[in-house]
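Peer 1: One rule links them: number in this note's numbering = place in the sequence shown (from 1) + 529.
Ideal Cβ placement from N, Cα and C applies to all residues, glycine included.
On a predicted model such as this, the values are computed, not experimentally measured, just so you know.
Here's a structure for you.
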Amino acid sequence: MSDCQLEENGEKDETVAFPVQPPTLSLQQPKKRKLVLHLDLNNTILVSDAATGQGPRAALNSYLSTVTWGQISETGEWMWLSDSVSVTAPCNNAVNYYTQFGRNAQFTDTKMGKRFKEIFDRHMRMLEWQGQANNMFTQKEGDGTVYHWILPSFFHLLENLHQQGREFSVLLRTFGVDLPLILPALHSALLGEHPHFPQLRKVPLNVGLTPGKIRCSTREVVMSWGSDRISTKADKESIYKYFNSVTGIGGIQDHFDWWARNHFSGDGGKPFWIDPSDRDTQHIFIDDNIRLNEEDTIVNCQQHKPQPRKVTTSELYGICLVQNDLLRAIAEKDYFLDCIRVCEENYDRYLSNFPLQEAQK
Numbered sequence: 530m531s532d533c534q535l536e537e538n539g540e541k542d543e544t545v546a547f548p549v550q551p552p553t554l555s556l557q558q559p560k561k562r563k564l565v566l567h568l569d570l571n572n573t574i575l576v577s578d579a580a581t582g583q584g585p586r587a588a589l590n591s592y593l594s595t596v597t598w599g600q601i602s603e604t605g606e607w608m609w610l611s612d613s614v615s616v617t618a619p620c621n622n623a624v625n626y627y628t629q630f631g632r633n634a635q636f637t638d639t640k641m642g643k644r645f646k647e648i649f650d651r652h653m654r655m656l657e658w659q660g661q662a663n664n665m666f667t668q669k670e671g672d673g674t675v676y677h678w679i680l681p682s683f684f685h686l687l688e689n690l691h692q693q694g695r696e697f698s699v700l701l702r703t704f705g706v707d708l709p710l711i712l713p714a715l716h717s718a719l720l721g722e723h724p725h726f727p728q729l730r731k732v733p734l735n736v737g738l739t740p741g742k743i744r745c746s747t748r749e750v751v752m753s754w755g756s757d758r759i760s761t762k763a764d765k766e767s768i769y770k771y772f773n774s775v776t777g778i779g780g781i782q783d784h785f786d787w788w789a790r791n792h793f794s795g796d797g798g799k800p801f802w803i804d805p806s807d808r809d810t811q812h813i814f815i816d817d818n819i820r821l822n823e824e825d826t827i828v829n830c831q832q833h834k835p836q837p838r839k840v841t842t843s844e845l846y847g848i849c850l851v852q853n854d855l856l857r858a859i860a861e862k863d864y865f866l867d868c869i870r871v872c873e874e875n876y877d878r879y880l881s882n883f884p885l886q887e888a889q890k
């Protein structure tokens, strides 16, 4: 990516764009792994969708249809199994409303969905923007109510990881068209221009304003980012290594058509790599469409060492893969921090399955 490369003495630096200097760690503090955080946009850090034109009300209604569960009775009627919401099925035979009937942007206003109206209303109130509307950071509904566009819990994540002295980068991974809008907004926020988070100006993260693009085929995965073109054809680990070298915040548009051609299964999902032999870095992917069903999930996880293999979602669930809980991301400022803390603890245990000498083969 041409606008994101560093040069010194006329030569290209090996570190990719968005430079950030990690705070110096004390001698007593053990060095923690670098975090490479892959985050989806819609229904993860945004409650809206530029591609479909959904505002926060429609987006939250649609999301609720994916986390409410029932089943078809013997007489062919829909029966709710619970008045609670959850990202995973409450029992083996449960089906979410979306799978049975499709997404519904007016879900809680319908006869079937009205039992979840209180949950919807409560979280919409939490999303309301306090103070004067801001063109960069707010969105307005038809009734004039102003809402947060980017969830405050995401900004809280950036601020707190910096305060903890963590080395980290953020890769925004989306099939959608929001990147040209969100990257400048994040750039402004990190200049201290967010009215609710002026302290972000102290966080030394650069934002790459030019999005990258990933395209997949049966032969290879190709990532284009500015003038850079990286392919897995010659080196299966090339994009993983590239991601490791990225600093700051950047955005990548993933290959939606490939996912659709693979029937929206993990085989066609957003490519994601882990390497148990790399004890210096942990990659974590947070996306509301990560699901335990390989036929209905959005991330295609691969491991190259000690042997190349596809890794199932269930193996990495809560370790490197997080199914985003949008309601918690709205309600809890520490939600993303808590997800990462749990993943790091679980990753330590996961790595015990890969003795270092074996993992490096």
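With 16 other CB atoms within 10 Å as the buried threshold, where does N572 fall?
Peer 2: N572 is buried by the Cβ-count criterion.
Peer 1: What are the boundary residues of the alpha helix (DSSP H) that includes M653?
Peer 2: Its alpha helix (DSSP H) spans residues K646 to L656.
Peer 1: If you draw a straight line from the C-alpha of E873 to the C-alpha of E861, how long is it?
Peer 2: Approximately 19 Å between the Cα atoms of the pair.
Peer 1: Assuming V732 and L687 are in contact, meaning their beta carbons sit under 8 Å apart, how far apart are those beta carbons, in whole angstroms?
Peer 2: Sure, about 6 Å apart at Cβ, within 8 Å.
Peer 1: Could you check which residue in Y769, G631, K770 and G847 has the C-alpha nearest to that of D867?
Peer 2: With distances taken between Cα atoms, D867 lies closest to G847.
Peer 1: Closest by CA to S529, which one among Y876, V851, I813 and L575?
Peer 2: Any question about residue 529 goes unanswered here, given that the chain covers just 530 to 890.
Peer 1: Starting from the Cα of C849, find the closest Cα among K834, L855 and I803 and give me that residue.
Peer 2: Nearest option by C-alpha distance: I803.
Peer 1: Is the CB-CB distance between I815 and D783 below 8 Å?
Peer 2: No. Outside cutoff.
Peer 1: Since H677 is in the beta strand (DSSP E), which residue starts that stretch and which ends it?
Peer 2: Segment V675 to H677, the beta strand (DSSP E) holding H677.
Peer 1: Could you work out which residue in T595, G605, T841 and N633 is closest to V624 when comparing CA atoms only?
Peer 2: Nearest of T595, G605, T841 and N633 to V624, Cα basis: T595.
Peer 1: Going residue by residue through the stretch 572-636, where are the continuous alpha helix (DSSP H) segments of at least 4 residues, counting only ones entirely within it?
Peer 2: The qualifying runs are 585-593 and 626-630.
Peer 1: Do F704 and F785 come within 8 Å of each other at the CB atom, strictly closer than that value?
Peer 2: Closer than 8 Å, so yes.
Peer 1: Counting C-beta neighbours from all protein chains within 10 Å, is the total for N792 16 or more, i.e. buried, or is it exposed?
Peer 2: Inspection of the sequence shows that residue 792 is occupied by His rather than by Asn. Counting Cβ neighbours within 10 Å, H792 comes out exposed, since fewer than 16 surround it.
Peer 1: Am I right that L589 and F649 are in contact with their C-beta atoms under 8 Å? What's the rounded C-beta distance?
Peer 2: So it is a contact: roughly 6 Å between Cβ atoms.
Peer 1: Is it right to say T637 is buried, meaning 16 or more other beta carbons lie within 10 angstroms of its own, or is it exposed?
Peer 2: With 16 or more other Cβ atoms within 10 Å, it is buried.
Peer 1: Taking 8 Å as the threshold (C-beta atoms), are N853 and D569 in contact?
Peer 2: Cβ distance < 8 Å, so D569 and N853 count as in contact.
Peer 1: What does the Cβ neighbour count give for S698, buried or exposed, with the cut at 16 atoms within 10 Å?
Peer 2: Classification of S698: buried, given that the 10 Å Cβ count is 16 or more.
Peer 1: Drop a sphere of 10 angstroms on the beta-carbon of S613, count the other beta-carbons inside from all chains shown, and report buried for 16 or more, exposed for fewer.
Peer 2: Exposed is the call here.
Peer 1: With DSSP collapsed to three states, give me the class of I711.
Peer 2: Correct three-state label for I711: helix.
Peer 1: Pull up the distance between the alpha-carbon of N875 and that of K765, whole angstroms please.
Peer 2: Each residue's alpha carbon lies about 26 Å from the other.
Peer 1: May I have the straight-line CA-CA distance separating P548 from G694, to the nearest angstrom?
Peer 2: Bear in mind that a pLDDT of 40 at P548, under 50, signals an unreliable position, so the number given afterwards is only what the model happens to contain. Whole-angstrom Cα-Cα distance: 15 Å.
Peer 1: What is the rounded straight-line gap between the Cα of I711 and the Cα of G605?
Peer 2: Roughly 44 Å between the two C-alpha positions.
Peer 1: Considering just the uninterrupted stretch of the beta strand (DSSP E) at S698, what are its terminal residues?
Peer 2: That run of the beta strand (DSSP E) goes F697 to T703.
Peer 1: Counting only runs that start and end within the stretch 823-880, where is the alpha helix (DSSP H) found for 4 or more residues in a row?
Peer 2: Qualifying alpha helix (DSSP H) stretches, in chain order: 842-845, 855-860 and 864-880.
Peer 1: Helix, strand or coil for P800? Go by DSSP, reduced to three states.
Peer 2: Looking at P800 - three-state DSSP - the assignment turns out to be strand.
Peer 1: When you compare the stretch 829-849 with the stretch 876-884, are there three or more beta-carbon pairs, one atom per stretch, that lie closer than 8 Å?
Peer 2: Touching, yes.
Peer 1: Using the Cβ count rule (16 or more neighbours within 10 Å means buried), how would you classify I601?
Peer 2: With fewer than 16 other Cβ atoms within 10 Å, it is exposed.
Peer 1: Hey, quick one: how far does the alpha helix (DSSP H) through G690 stretch, first residue to last?
Peer 2: The question names Gly, but residue 690 in the sequence shown is Leu. P681 to Q692 is the span of the alpha helix (DSSP H), which, as asked, contains L690.
Peer 1: Just the C-alpha distance for E696 and V871, rounded to the nearest angstrom, thanks.
Peer 2: So the alpha carbons of these two residues sit roughly 17 Å apart.
Peer 1: With three or more beta-carbon pairs closer than 8 Å as the criterion, would you say the stretch 831-846 touches the stretch 649-665?
Peer 2: With the cut-off at 8 Å, the stretch 831-846 and the stretch 649-665 do not touch.
Peer 1: Should N622 be labelled buried (16 or more other beta-carbon atoms within 10 Å of its own) or exposed?
Peer 2: With fewer than 16 other Cβ atoms within 10 Å, it is exposed.
Peer 1: Which partner residues of L497 appear in the DSSP bridge assignment?
Peer 2: The structure shown does not extend to residue 497, since the chain is modelled only from 530 through 890, so no value can be given for it.
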